[in-house]
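Under full-length UniProt numbering, the first residue of the sequence shown carries the number 1, and numbering increases by one thereafter. We treat Cβ as the ideally placed atom computed from N, Cα and C, and that holds for glycine.
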Amino acid sequence: MQNDKIAVVGMAGRFPGAADTEKLWELLEAGLDIHHEVPAERFDVSAYFDKNQHNSRTPYGSFIDGLRFFDPQFFGMPPLEAAQMDPMSRLTLTTAYEALEMSGYTANAAEDAGAPFRTRRVRRSASSRINYYCKLCGPSYSVDTACSSSLVAMGLACTSLWAGDCDTACAGGLSLLIYPGNFSCHGRGKLLWNFNDIELHASRLVQTFITKGEDL
């Protein structure tokens, strides 16, 4: 029934300049500008930035810290498998667990409950990993509708709840700029700010992260 209310019982995320949702709120209250040049640990931005806009339009962005931090033992995962896993999948799995933990969910308490998880621009296996490691048995799939992916994921989660497909849903989105090829592609597609416009629009982020940069 679409008139039935849906309660948000847990949330988690990683954001540029904020390691969790509470820090994000503090960041928003302070109105801080946290954009900076692409970190050297990501890639050498000087090799891809071109002021003449033949390549990337800007060397700046807003980035999530600590992508390398992951506890494979906690998830019962072999270290080698964790090292080979896509950073987006690791981050998705970690934040999904945190959101479910906040909600009071335990694997033994809701084995017959469905909990679909939808992610934005994440590899197809990410949502299935959440079901597997968190022992969820509801529908699980990923969606990609570009910038609207997170909202679409939330809408699908609500639809599943109203339809009775599951009694719990975990939904959100994730976007990470890790590979230089994507950076250049975004620039040529005019999805990033022009370098010459940065001073005029310093209060606006060059790229946005939603999570599940990540939110759940």
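Could you check what DSSP says for residue i in three-state terms: helix, strand or coil?
i    : result
F183 : helix
Y60  : strand
E41  : coil
A96  : helix
A30  : helix
F209 : Its pLDDT being 33, under 50, F209 is placed unreliably by the model, and the measurement read from it follows with that caveat. Looking at F209 - three-state DSSP - the assignment turns out to be coil, as it is neither helix nor strand.
F74  : coil
Which same chain residues, not among the five before or five after residue i, have their C-beta less than 8 Å away from its C-beta?
i   : result
L93 : F75, A126, R129, I130, Y133
Ignore the nearest five residues each way along the sequence and tell me which others in residue i's own chain have a CB closer than 6 Å to its CB.
i    : result
T21  : M11, G13
A171 : R118, A153, M154, A157
G17  : L27, I34
L24  : F15, A18
Does the separation of the CB atoms of residue i and residue j fall below 8 Å?
i    : j   : result
P59  : F69 : no
P100 : L67 : First, the amino acid is wrong: residue 100 is Leu here, not Pro. Cβ atoms of L100 and L67: not closer than 8 Å.
L176 : P87 : yes
Please report the residue range of the alpha helix (DSSP H) in which residue i lies.
i   : result
A12 : Careful: A12 lies outside any alpha helix (DSSP H) and carries neither H nor E.
P79 : 79-84
Once you ignore the five residues that flank residue i on each side, which residues in its own chain have a CB closer than 7 Å to its CB?
i    : result
T145 : V152
- Item | alpha helix (DSSP H) runs contained entirely in the stretch 123-175, provided each spans 4 or more residues | Qualifying alpha helix (DSSP H) stretches, in chain order: 125-133, 149-163.
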